[in-house]
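Novice: Protein chains in written order, with this note's numbering: chain A, 4 to 176; chain B, 16 to 280.
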Amino acid sequence: MTIDLAEEPVTGTRVGSFEELVAMTGDRMLRTAVLLTGDRHEAEDLVQSAYAQAFARWRLVARAENPVAYVRTILTRVFLADRRRRRVGEVAWTAGTDVAAAPVDPALRLSLLDALATLSAQDRALLVLRYFEDLPYPEVADQLGLSHAACRTRASRALARLRLHFPDLADQA
Amino acid sequence: MMKLHDSLTDAVADVSADLPTLLDGSRRQGLALRRRRRVLAAVGATAAVAVLAGSGYAVAAAVGHDPHTGASWAASPGPTSGATAPLTGRSLDAALAAAVDHVADGAFTAFRGNGGGEPMGEFLFAPKAGGAAGLVQIDLQRLSSYGLSTTYGCGQPYMHDCASQQLPDGDTLRTYTDESSGSAGGYRRYVAEVLSPRRDLRLVLGAANTQQDERHAVRPDPVLSPAQLSTVALLPWWDRTRLPVEYVEAGRRLPSYASLTSSGD
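#1: According to DSSP, is Ala161 of chain A part of a helix, a strand, or is it coil?
#2: With 7 Å set as the bound, which would you pick, yes or no: does the beta-carbon of Gln175 of chain A sit closer than that to a beta-carbon of chain B?
#3: Going by other Cβ atoms of all chains shown within 10 Å of its Cβ, with 16 needed for buried, is Met174 of chain B buried or exposed?
#4: When you compare only the Cα positions, how much space is there between Gly146 of chain B and Ser41 of chain B?
#5: Looking at C-alpha atoms only, which residue of B:Leu249, B:Cys169, B:Gln180 is the closest neighbour of Thr192 of chain B?
#6: So with Cβ pairs under 7 Å, would you call Val74 of chain A a contact of chain B?
#7: Can you tell me which residues form a DSSP beta bridge with Tyr272 of chain B?
#8: Buried or exposed, going by whether 16 or more other CB atoms sit within 10 Å of the CB of Thr103 of chain B?
#9: Closest to Leu162 of chain A by C-alpha separation, out of A:Arg66, A:Arg127, A:Gly148, would be which residue?
#10: Could you tell me whether any Cβ in chain B is nearer than 7 Å to the Cβ of Leu147 of chain A?
#11: Cβ of Asp30 of chain A less than 7 Å from any chain B Cβ?
#12: Shortest alpha-carbon distance to Arg267 of chain B belongs to which of B:Asp33, B:Arg214, B:Glu208, B:Ser106?
#13: Applying the criterion that 16 or more other CB atoms from any shown protein chain within 10 Å of the CB defines a buried residue, is Thr225 of chain B buried or exposed?
#14: Starting from Glu22 of chain A, trace the alpha helix (DSSP H) in both directions and tell me its first and last residue.
#15: Answer with buried or exposed for Glu47 of chain A, where buried requires no fewer than 16 other C-beta atoms within 10 angstroms of its C-beta.
#16: Enumerate, from N- to C-terminal direction, the unbroken beta strand (DSSP E) stretches of 3 or more residues contained entirely within the segment 195 to 227 of chain B.
#17: In terms of residues, what are the limits of the beta strand (DSSP E) holding Arg255 of chain B?
#18: For Leu147 of chain A, I'd like the list of residues in its chain whose CB is within less than 8 Å of its CB, leaving aside the five on either flank, ordered along the chain.
#19: Decide if the segment 213 to 220 of chain B is in contact with the segment 122 to 129 of chain B; the criterion is three or more beta carbon pairs, one per stretch, under 8 Å apart.
#20: Mind pulling the chain B residues with CB within less than 7 Å of Leu116 of chain A?
#21: Taking the CB atoms as reference points, tell me whether Thr95 of chain B and Arg257 of chain B lie closer together than 7 Å.
This is the structure in structure tokens:
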């Protein structure tokens, strides 16, 4: 699976070597991948695939304005492309409609990773990029190929879904 | 109140990457990606290469030896029976070792590979003739996924001493020297590729003058010649999903093997 990143901005020089990039960002990328996939082994494969694509196009990555963001974009797109292909374990959201959420047994306590796994891959990626990576909504929307409005709407619904499991969740989209 | 940022951070606070393994795996996968992309642009046809005849060719008994573990194994108990079994990373390594053993004397170590959608296998081969051990790799890809025509030429700038020939059975054999894919000074890799529409197979077989990090040239020339690689690449039983059952059995007995994927195959 290869991802077309021809539209990424390429200016300046920020990272000296591929080894430096991996050393600088490896832990962070793996944590992001664990949140996306919910599984350590899957996350390792995902991160390796993302770095492999960065290595394969290293001349572009090294000259990118923000190589770290570049690799994170690859990671997100590889993750979403893989999920689209597999369509496994995903909970479908009906876009554009407000479906009443099923009541959740309060005795059923999920871990945060388990709760994230109840979301669609795109919603999971949205929350991880927005609330773990602290990216602004416009950037999250761009990475996920959504309009800004749709991005906020999906975030609101995804948070509502999480709130079923974590009623004291403070965040609002 | 629960803040999502803090909770997400806490959830993965103890996660840290095995950076050397990640770096090595990424480089390896990235090099394979680079090579694969280059094929997409390959057009035209030229030159000629010696052809290995005979569809009934079988690799005879081959015995490998791992100097690190002292273990030996028979890659094949004898001529292949014709029966096949599902390919695994181990069996791919065993089959490749047996095939290499048929064309060159030497020792095999550091087996790595994976099965799955795009099987890969590799090991270090130390020729009996001397010199450091060098990397031998095989990659089995689905030809149709590249949308290639049956014309398989030598038009790429990284291909030196390239030759391509369509074979009587419809397959194409291409050999070339690649001196630009690795990051090592003096890097050299001989490659034999077989493009087989009837098997929906693109087989890429390479031998390098580096070891597995592909960063440091350890000898002047790769451990196998283009002619030796061609002989191995043209064996008729190569397939993306199944191998002669003898190699599947032999793969289970490899004295050392590391999977290139976390799934363990």
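C-beta: ideal position from N, C-alpha, C; glycine also.
Specialist: Considering the structure as presented:
#1: As a first step, residue 161 of chain A must be located in the first sequence, where it is residue number 158. Note: Ala161 of chain A maps to helix in three-state DSSP.
#2: Mapped onto the first sequence, residue 175 of chain A falls at position 172. Cβ-Cβ to chain B under 7 Å: no for Gln175 of chain A.
#3: If you number the second sequence from 1, residue 174 of chain B lands on position 159. Classification of Met174 of chain B: buried, given that the 10 Å Cβ count is 16 or more.
#4: Position 131 of the second sequence, counted from the start, is the residue given in the question as residue 146 of chain B. Position 26 of the second sequence, counted from the start, is the residue given in the question as residue 41 of chain B. Approximately 28 Å, taken between the alpha carbons.
#5: Translated into positions along the second sequence, residue 192 of chain B becomes position 177. When each option's Cα is compared against that of Thr192 of chain B, the closest is B:Cys169.
#6: By one-based count along the first sequence, residue 74 of chain A stands at place 71. No, no contact with chain B.
#7: For the purposes of this step, residue 272 of chain B is taken as the residue at position 257 of the second sequence. Answer by DSSP bridge pairing, in chain order: B:Phe126.
#8: Residue numbering aside, residue 103 of chain B sits at position 88 when the second sequence is read from its first letter. Counting Cβ neighbours within 10 Å, Thr103 of chain B comes out buried, since at least 16 surround it.
#9: Here residue 162 of chain A refers to the residue found at position 159 when the first sequence is read from its first residue. The candidate whose alpha carbon is nearest that of Leu162 of chain A is A:Arg127.
#10: On the first sequence, residue 147 of chain A is found 144 positions in, with the first residue counted as 1. No, because no Cβ of chain B sits closer than 7 Å to the Cβ of Leu147 of chain A.
#11: Taking the first sequence and counting its residues from 1, the one referred to as residue 30 of chain A is at position 27. Yes, its Cβ sits closer than 7 Å to a Cβ of chain B.
#12: Numbered from its first residue, the second sequence carries residue 267 of chain B at position 252. Comparing Cα-Cα distances from Arg267 of chain B to each of B:Asp33, B:Arg214, B:Glu208, B:Ser106, the minimum goes to B:Ser106.
#13: The count along the second sequence starts at 1 and reaches residue 225 of chain B at position 210. The residue in question, Thr225 of chain B, is buried, as its Cβ has 16 or more Cβ neighbours within 10 Å.
#14: Position 19 of the first sequence holds residue 22 of chain A. Segment 21 to 40, the alpha helix (DSSP H) holding Glu22 of chain A.
#15: The sequence position of residue 47 of chain A within the first sequence is 44, counting from 1. By the neighbour-count rule (16 or more Cβ atoms within 10 Å), Glu47 of chain A is buried.
#16: 204 to 211, 216 to 223
#17: Residue numbering aside, residue 255 of chain B sits at position 240 when the second sequence is read from its first letter. Unbroken run through Arg255 of chain B: none, as it is neither H nor E.
#18: Along the first sequence, one-based indexing puts residue 147 of chain A at 144. These residues qualify, in order along the chain: Thr79, Leu83, Gln125, Ala128, Leu129, Leu132, Cys154.
#19: no
#20: On the first sequence, position 113 is the one that residue 116 of chain A refers to. Ordered by position in chain B, the residues that pass the 7 Å Cβ test against Leu116 of chain A are Ala26.
#21: For the purposes of this step, residue 95 of chain B is identified with residue 80 of the second sequence, where counting begins at 1. For the purposes of this step, residue 257 of chain B is identified with residue 242 of the second sequence, where counting begins at 1. No, Cβ-Cβ distance for Thr95 of chain B and Arg257 of chain B is not below 7 Å.
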